[in-house]
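1 is the number of the first residue of the sequence shown in UniProt numbering; add one for each residue after it.
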Amino acid sequence: MFSIISGATADPVTRGKTVQLRFPHASDYAAWARLRAASSEFLQPWEPRWPSDDLTRDSYRKRIKRYNQEIKAQTGFPFFIERRSDKTLLGGISLGHVRRGVSQSGQIGYWIGKDFAGQGHMREGLELLCNFAFSSLNLHRLEAACVPSNERSIGLLEKAGFEREGHLRSYLKINGNWQDHILYSRINPFHGADFGSRTDKRDA
Numbered sequence: 001m002f003s004i005i006s007g008a009t010a011d012p013v014t015r016g017k018t019v020q021l022r023f024p025h026a027s028d029y030a031a032w033a034r035l036r037a038a039s040s041e042f043l044q045p046w047e048p049r050w051p052s053d054d055l056t057r058d059s060y061r062k063r064i065k066r067y068n069q070e071i072k073a074q075t076g077f078p079f080f081i082e083r084r085s086d087k088t089l090l091g092g093i094s095l096g097h098v099r100r101g102v103s104q105s106g107q108i109g110y111w112i113g114k115d116f117a118g119q120g121h122m123r124e125g126l127e128l129l130c131n132f133a134f135s136s137l138n139l140h141r142l143e144a145a146c147v148p149s150n151e152r153s154i155g156l157l158e159k160a161g162f163e164r165e166g167h168l169r170s171y172l173k174i175n176g177n178w179q180d181h182i183l184y185s186r187i188n189p190f191h192g193a194d195f196g197s198r199t200d201k202r203d204a
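Put into structure tokens, the structure is as follows:
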């Protein structure tokens, strides 16, 4: 199982062939702000409207504080995606709203810089996150939702083994407007859909 790691560390949490995931660090501000600013037109149609101070250092400090609180409480795990060869920041991916008890689930969100899109980095990052959630956290179910017109995101989720479950009406306020979303999910393959029924029969 995953042990609590302070968000202050910049060490990779999980590594893939070409990218790795690590917790955001205060020293990442310049690279993060530069990447987000250069990709603003590419990202904003698919994200909540950015506050006027979103890219300021003070706003970033508050973001890091919130991230660290989520990591410590193990209710959220925000990661930066970076290229392994030179540690270039490529984007971000997060596992949020982690619920335990009978749910054992979490929700995934992600973004990538404009110049790094369509190169397979997010696909690899998503797979790393799923492996982390299923193997290290032992979650049962992962959810992700995207705007119906976001064909790139739909393709990413379906290639990564997520299944379409339904249509969520007026689900999230994206770029200033309440928008419908498509709900996708992926189930922990180590648990199995009929795990409960097998247990019941064995215990009967």
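We treat Cβ as the ideally placed atom computed from N, Cα and C, and that holds for glycine.
Among the options, whose alpha-carbon lies nearest the alpha-carbon of residue i?
i: G75; options: E82, Q107, G96 and T88; result: Per the sequence presented here, residue 75 reads as Thr, with Gly not at that position. The candidate whose alpha carbon is nearest that of T75 is G96.
i: R61; options: H191, L126, S52 and P24; result: P24
i: N177; options: G161, L89, S153 and W50; result: W50
i: K17; options: S136, E41 and I81; result: I81
i: L126; options: S136, A26 and G161; result: G161
i: S39; options: E163, E151, Y171 and I112; result: I112
i: V102; options: W32, R141, F116 and D86; result: R141
i: R99; options: L21, A73, D53 and I182; result: A73
i: E163; options: L183, R84, Q179 and F190; result: L183
i: S27; options: R63, S136 and P48; result: R63
i: L172; options: V147, R152, H191 and E151; result: V147
i: Y30; options: S52, L89, R152 and S136; result: Note that residue 30 is Ala in the sequence shown here, rather than Tyr. Minimum Cα distance to A30 is reached at L89.
i: W32; options: Q20, L129, R57 and N150; result: R57
i: R152; options: L128, R34, S170 and R123; result: R123
i: S94; options: V19, I108, K87 and R66; result: I108
According to DSSP, is residue i part of a helix, a strand, or is it coil?
i: S59; result: helix
i: T199; result: Note that T199 scores a pLDDT of 39, beneath 50, so its modelled location is shaky; the value from the coordinates is reported in the next line. If DSSP states are grouped into helix, strand and coil, T199 belongs with the helices.
i: P78; result: strand
i: W111; result: strand
i: H97; result: strand
i: S27; result: helix
i: G106; result: strand
i: R22; result: strand
i: residue 237; result: Residue coverage of the chain in this structure runs from 1 to 204, which leaves residue 237 outside it and unanswerable.
i: G16; result: coil
i: G161; result: coil
i: G92; result: strand
i: R36; result: helix
i: G120; result: coil
i: R83; result: strand
i: S52; result: coil
Does the beta-carbon of residue i have 16 or more other beta-carbons within 10 angstroms, so that it is buried, or is it exposed?
i: N188; result: buried
i: A119; result: A quick correction: the sequence has Gln, not Ala, at residue 119. Q119 is exposed by the Cβ-count criterion.
i: A144; result: buried
i: R15; result: exposed
i: Q69; result: exposed
i: R22; result: buried
i: S168; result: Per the sequence presented here, residue 168 reads as Leu, with Ser not at that position. L168 is exposed by the Cβ-count criterion.
i: F134; result: buried
i: F116; result: buried
i: R66; result: exposed
i: R84; result: exposed
i: R34; result: exposed
Quick test of your reading: residue i and residue j, contact by CB under 8 Å. State the CB separation rounded to the nearest angstrom.
i: P45; j: N175; result: 6 Å
i: E165; j: S185; result: 5 Å
i: G106; j: L139; result: 6 Å
i: F79; j: I71; result: Incorrect: roughly 10 Å between the Cβ atoms, too far for contact.
i: F42; j: K114; result: 4 Å
Considering only DSSP beta bridges, list what residue i is partnered with.
i: K173; result: W178
i: I187; result: R141
i: R146; result: Sequence check: residue 146 is Cys here, not Arg. C146 pairs with I182.
i: G166; result: L183
Does the distance between the C-beta of residue i and the nearest non-hydrogen atom of the ligand NAD fall short of 6 Å?
i: K17; result: Here there are no bound small molecules, and the ligand NAD is not part of this structure.
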